[in-house]
Structure formats: structure tokens, C-alpha cells
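For what it's worth, full-length UniProt numbering labels the leading residue of the sequence shown as 1, then goes sequentially. First comes the structure, then the notes that go with it.
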Amino acid sequence: MSEAEPVSTVQLIEGLSIADFQHPMDKRASEARQLFAPVEWGIRQGFSAFIEDAVFLDNIATGVLVGPDQLPHLHSMLLESCRLLDLSTAPDLYIRQSPYPNAYTLAVQGRRPFVVCTTALLDLLTPKETQAVIAHELGHLKCEHSLAIALANLILSPLASVLPIGSGQLQSSLLQWQRAAELTCDRAALLVVQDVRAVQSVTMKLCGGAKTYAGQMDVDSFVRQAAVYDEVASGSRLGRIVRHNQERDATHPLPILRARELERFASSEQYRALLARGKPISVPSRASI
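Take a look at the structure:
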């Protein structure tokens, strides 16, 4: 940071572990995963041998690799986020041209970890919101969610073939886990930007944001939609059926419920205790609107 650059203060939680912020369902699935360590090792080797290099070549050939001399403000966000999440190795960060706002990672801490953000995402979000997205993807990397879900699929697929009656329930459980993993990573984003409205604003803008009305959207109003949804969805048999169908095959939580879930975590004793463990550090002050 230069002397003239405005700064703000966040809490650095040293020794931050995955268990410190995992969603309860994600945590239970992670504990079960320890029973299959040899299988997980095989999957990890498969990622390393057959996938990482191919994805790296695609990213390096068709994306812009962020670094100290290439989009340095994004590079600073990446390094700062890694420090706050206690990730010892920063992944490559690529920017790729796309009309769709999105970010993703392979979510395995292999030889070539990476995060990709699209140009449409950067155009849509403020600097603080962009950092929240980067931190969310780093949460997937820290938890190695792709590896865990690949392991679950490998285990559940044979069971589904011999237990056809229960295969739907097995798939439903896996999707619930994936949704819980997203909630875990929203918490990771909050632990980095330490501004619940900035993280919720990302969800809101991915639902219906546009540059043409930047600054006119209200996060509080968006979060209040969850109560209206609950009232209608639980008020009739039809509402309950619609809600079930909305959630049944979804890999991500419903956006308004996701925003409310983060609100609850931000108000929890668990979150306050984590911040109390931290020590204040100065970081660049990034615009949130």
C-alpha cells in the first residue's frame, strides 16, 4: 500500500481452520470423507495427471493471468484474501471474456490451483464485492470441495445401481451437500471482506443486477424478500410443492435464502468469537458501492 492509499481495518484470524467456518452439513460430510482416504488419494492423483495440465493450458491460452504487473489491484485482492483465509499458496487468478457474470475454480489444492473470474462479473461488481467473490472461490479451494464431491459421486454411483429405490435420496443428499458447501464459502467471503452487506450484494446482483442502475439497489430490501418467500411457500400445499421442486435439483441455495443464511451467521456468536480471535491489520479500503 502506498502512503496516499486509503486504508481500512479487518481482523486477521491466525490459524483459521476449515472447521472454524464450515456449515454444519458440510462439516458432517467432510468428517465422513476421512473414512475413504485411500480412494481420495486416487482421485487426487487423477486430477493431477489428467485434468490440471489441460485446464492450465486452456486458461493460460485464452485468459489473462493476473499478477503484480497485470491488473495489480486484483492481484492485491487475491493475496490479501489468501492471507485472511490462511491459505499458504495463492492460486493463479485468470480473467476470461464472457457475457455471463461468473467465477469458478477446480477446488483442489493441486499443482496448479486457479480461480477464474469473467469480465461480465468484474463489470457488474464493486471492488469489495469482487474481493468477496474471489474469497468465496478460495473457500472452495481451502475446503477442496471438488475433490470431496468427486469422492462422494464415486462412492454413491455404485450404491445407486444396486439400490435403485434409494438412488434418488442419495442424489438428493449429495445436492444438499453441494448447497451447504456454497454456504460455507459465503462464510469464507465474509471472513475476508468482513462486511455482510457486500457479500449479500453479490448474490443480489447475480440475481438481477446491471451497471445501468448501479447504486440504486438496496440489499436490506433484497434480504427481506426471504420472509415473503417463506410466507407464500409454506402457506399452502402448492407453495410447499413449488419450493421442494425449486430446491430439489439445485446445486446452489436459492439466492434469497442464501442471503438470509449469511445474515444469521454474521449475527452469530460463532462469527463474533472468530473476529475476537483476530488481530487488526490495515488493508486497502475498497469501494462497496
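A virtual CB, placed ideally from N, CA and C, is assigned to each residue, including glycine.
Item                                                                                                                                                                       : Value
Start and end of the beta strand (DSSP E) containing Leu93?                                                                                                                : 92 to 96
Report yes if the C-beta distance between Leu92 and Phe114 is below 8 angstroms; otherwise report no.                                                                      : Reading the sequence as shown, one finds Asp at residue 92 and not Leu. Taking 8 angstroms as the Cβ cut-off, Asp92 and Phe114 qualify as a contacting pair.
Please confirm whether Thr119 and Gln97 have their CB atoms less than 8 angstroms apart.                                                                                   : yes
Write down the C-beta distance between Ser81 and Leu138 rounded to the nearest angstrom, noting that I regard them as a contact closer than 8 angstroms.                   : 6 angstroms
Note down the Cα distance separating Val202 from Ser173, rounded to an integer number of angstroms.                                                                        : 27 angstroms
For Gly66, I'd like the list of residues in its chain whose CB is within less than 6 angstroms of its CB, leaving aside the five on either flank, ordered along the chain. : The residue asked about is misnamed: residue 66 is Val in this sequence, not Gly. If we look at Val66 and ignore the five residues flanking it on each side, its Cβ neighbours are Leu74, His75, Leu93.
Looking at the unbroken beta strand (DSSP E) that takes in Lys279, where does it start and where does it end?                                                              : 279 to 284
Which same chain residues, not among the five before or five after Asp53, have their C-beta less than 8 angstroms away from its C-beta?                                    : Arg112
In chain order, which beta strand (DSSP E) runs of at least 3 residues are fully inside the region 214 to 289?                                                             : 279 to 284
Would you mind sorting Pro72 into buried or exposed? The rule is 16 or more other CB atoms within 10 Å of its CB.                                                          : exposed
Considering only the beta carbon of each residue, do Ile95 and Val133 sit closer than 8 angstroms?                                                                         : no
Could you tell me how far apart the beta carbons of His136 and Asp186 are, in whole angstroms, since I believe they sit closer than 8 angstroms?                           : 6 angstroms
Please say whether Gln200 and Met11 have beta carbons closer to each other than 8 angstroms?                                                                               : In the sequence as displayed, the identity of residue 11 is Gln instead of Met. No; because the gap between Cβ atoms is not below 8 angstroms, this pair is not in contact.
Could you check what DSSP says for Val199 in three-state terms: helix, strand or coil?                                                                                     : helix
Does the Cβ-Cβ distance between Ala259 and Met204 come in under 8 angstroms?                                                                                               : yes
Could you spell out the range, first to last residue, of the beta strand (DSSP E) harbouring Ser8?                                                                         : 7 to 12
Taking Leu191 and Leu125 to be in contact with their CB atoms under 8 angstroms, please state how far apart those CB atoms are, rounded to whole angstroms.                : That belief does not hold up - the Cβ atoms of Leu191 and Leu125 are roughly 18 angstroms apart, past 8 angstroms.
Comparing alpha-carbon positions, which option in Met77, Arg286, Pro284, Ala273 lies nearest residue 360?                                                                  : What is shown of the chain runs 1 to 289, which leaves residue 360 out entirely.
Secondary structure at Leu125, three-state DSSP: helix, strand or coil?                                                                                                    : coil
State the beta-bridge partners of Val115 as determined by DSSP.                                                                                                            : Leu93
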